Amino acid sequence: MPYPLTVFESLDRDLLNRHEQSMQFTFEPGVLSKKVKLLMAMAIDSALGTPHGVKSLAEQAIEAGATKEEVAETVRVAVYVGGAFSIYNLGRGLDELF
107 MPYPLTVFES LDRDLLNRHE QSMQFTFEPG VLSKKVKLLM AMAIDSALGT
157 PHGVKSLAEQ AIEAGATKEE VAETVRVAVY VGGAFSIYNL GRGLDELF
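So the mapping is simple: the numbering used here equals the position in the sequence shown, first residue as 1, plus 106.
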């Protein structure tokens with residue numbers, strides 16, 4: 107999947123830089139680990155209807171050390187909060203990973 111923000115390299119580089127700085131700030135380890143923050147974001151993306159975001163964030167969480175079981179437990183929380191809408195987005199996003 108191509109990086110969806112590439113267009114901003116030529117359209118508005120300053121906006122892209124600020125977004126990337128915000129992303130780095132958001133996911134840097136603090137009281138919560140980067141892995142936990144990425145799993146939280148994955149759950150939120152499922153409720154927002156973005157299966158590509160679910161996949162990308164799950165991949166990043168796994169890269170940060172998340173296990174299949176941790177992803178599955180996060181899915182349960184997302185489905186509880188987001189209902190059927192979330193489970194379909196999670197299914198689409200996680201299909202190729204597991």
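Ideal Cβ placement from N, Cα and C applies to all residues, glycine included. Bear in mind the structure is a predicted one, so any value in this text is a computation, not a measurement.
Check whether A164 and L111 have beta carbons under 8 Å apart
The residue given as residue 164 occupies position 58 in the sequence shown. The residue given as residue 111 occupies position 5 in the sequence shown. It is not a contact, given that the beta carbons lie outside the stated cut-off.
In this structure, does DSSP put D151 in helix, strand or coil?
Taking the first residue of the sequence shown as position 1, residue 151 is located at position 45. Three-state result, D151: helix.
What's the call for A161, buried or exposed, on a 16-neighbour Cβ count within 10 Å?
Position 55 of the sequence shown holds residue 161. Reading off the sequence shown, one finds Lys at residue 161, where the question assumed Ala. Buried is the call here.
Is the distance from the Cβ of A153 to the Cβ of V187 below 8 Å?
Walking along the sequence shown from the start, residue 153 turns up at place 47. Walking along the sequence shown from the start, residue 187 turns up at place 81. Against a cut-off of 8 Å, the Cβ pair of V187 and A153 comes out as a contact.
Is G136 helix, strand or coil when you go by DSSP?
Taking the sequence shown and counting its residues from 1, one reaches residue 136 at position 30. G136: coil per DSSP, three-state reduction.
From S192 to V185, what distance separates their C-alpha atoms?
Reading the sequence shown from its first residue, position 86 is the one you call residue 192. Reading the sequence shown from its first residue, position 79 is the one you call residue 185. Going from the Cα of S192 to the Cα of V185 covers about 5 Å.
Which residues bound the alpha helix (DSSP H) around V113?
Numbered from 1 along the sequence shown, position 7 holds the residue referred to as residue 113. First-last for V113: undefined, no H or E at that position.
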